[in-house]
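To convert, note that position 4 of the sequence shown is 201 in my numbering; the numbers rise steadily by one, no gaps. The beta-carbon is built from N, C-alpha and C at its ideal position, and this holds for glycine as well. All values reported here derive from a predicted model rather than from experimental measurement. Reading through the C-alpha cells given below for one structure.
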Amino acid sequence: MIGIRSGRRLRATSALGLALLIVPAFTGVANGAGQADVAQVRQATLKYRDVNAAIADGYVKFYKCTEQPGIGTMGQHYVKLPLVGDPAINALTPEVLVYAPKRSGELKLVAVEYVVTQADWQTAFGSATPTVLGQNMLFRAAGNRYGLPNFYERHAWLWQGNPLGLYNDWNPDISCLGNGDNGG
Numbered sequence: 198m199i200g201i202r203s204g205r206r207l208r209a210t211s212a213l214g215l216a217l218l219i220v221p222a223f224t225g226v227a228n229g230a231g232q233a234d235v236a237q238v239r240q241a242t243l244k245y246r247d248v249n250a251a252i253a254d255g256y257v258k259f260y261k262c263t264e265q266p267g268i269g270t271m272g273q274h275y276v277k278l279p280l281v282g283d284p285a286i287n288a289l290t291p292e293v294l295v296y297a298p299k300r301s302g303e304l305k306l307v308a309v310e311y312v313v314t315q316a317d318w319q320t321a322f323g324s325a326t327p328t329v330l331g332q333n334m335l336f337r338a339a340g341n342r343y344g345l346p347n348f349y350e351r352h353a354w355l356w357q358g359n360p361l362g363l364y365n366d367w368n369p370d371i372s373c374l375g376n377g378d379n380g381g
C-alpha cells in the first residue's frame, strides 16, 4: 500500500514539474516576468495615489490633460525631470505619473509612463529600442504636441483598467472633464 502511494505521489510530482516546464513555453516567459514587474511597480508607486506625495518627491505638472477625441485620454502628466534626463529606464521609478481629474477637483492616479529622449538613450546604450516591463517603448518624433525632441515612451495603466490594454497610450474610460488639450 505504501509503495502504491509513493508511486502515485512521484508521478503527480513529476507531472507537476513537467507542467511547470511546459506552461511557460506557451504563455511566454516575458508575460510571467512582466506580471511580477507590474505588481512591483504598483507597490513602488502606491504612495503616489496622493498627488501631494508625488509633488513632495519632485514630480511636477507637465503640459495639459492629454486626450485624443474618438480614441481616449492619457490624463494629466506629472514628470520627475531628473529621471527624464537620466537615460536609464527603471520600472520601479517611472519618469511620469499620470492622473485623471475627478469632478471633485482631485486627481486620481491611473497610470505610469516611462520616457527617455532618443539622443540620451542612443548616447548611453546604442540604437536598440529601449524596453520596460517586457514591452518595447514607442518612438515619438519631434514636432509632437508636447514640444519634445525625438523620444521613446510607454504607458502602463496600473491604477485604472483600460479596455485597450495595459500598455496602450489611450484609455477611453477616463476624461479630462472639459480641460484637455483638445477641448474635452
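Quick one, are the C-beta atoms of residue i and residue j less than 7 Å apart?
{"i": "I371", "j": "A308", "result": "no"}
{"i": "E264", "j": "G344", "result": "no"}
{"i": "Y275", "j": "A241", "result": "no"}
{"i": "L155", "j": "Y245", "result": "Here the chain covers residues 198 to 381 and nothing more, so residue 155 does not appear."}
{"i": "N359", "j": "P266", "result": "no"}
When the Cα atoms are used, what is the spatial distance from residue i to residue j?
{"i": "N368", "j": "Y260", "result": "18 Å"}
{"i": "L306", "j": "D317", "result": "28 Å"}
{"i": "V248", "j": "P291", "result": "14 Å"}
{"i": "P327", "j": "Q357", "result": "24 Å"}
{"i": "E310", "j": "V281", "result": "11 Å"}
{"i": "D254", "j": "P279", "result": "11 Å"}
Tell me residue i's beta-bridge partners as DSSP assigns them.
{"i": "E310", "result": "V293, H352"}
{"i": "G269", "result": "Q265"}
{"i": "K305", "result": "A297"}
{"i": "K258", "result": "Y275"}
{"i": "T328", "result": "N333"}
Could you name the residues of the same chain whose beta carbon sits closer than 6 Å to that of residue i, not counting the 5 residues immediately before and after it, in chain order?
{"i": "A288", "result": "D234, V238, V329, L330"}
{"i": "A339", "result": "P346, N347"}
Between residue i and the rest of its own chain, which residues show a CB-CB distance below 7 Å, the 5 nearest in sequence each way excluded?
{"i": "L363", "result": "A353, W354"}
For the candidate residues the options, whose alpha-carbon lies nearest to that of residue i?
{"i": "L335", "options": "G302, F348, R342", "result": "F348"}
{"i": "E350", "options": "R342, R337, N341", "result": "R337"}
{"i": "V313", "options": "I286, G302, G323", "result": "I286"}
{"i": "G323", "options": "P284, V257, D254", "result": "P284"}
Skipping 5 residues on each side, what residues in its chain have a beta carbon closer than 8 Å to that of residue i?
{"i": "L361", "result": "G269, W367, N368, P369"}
Are the C-beta atoms of residue i and some chain B residue less than 7 Å apart?
{"i": "D247", "result": "No chain B is part of this structure, which consists of one protein chain only."}
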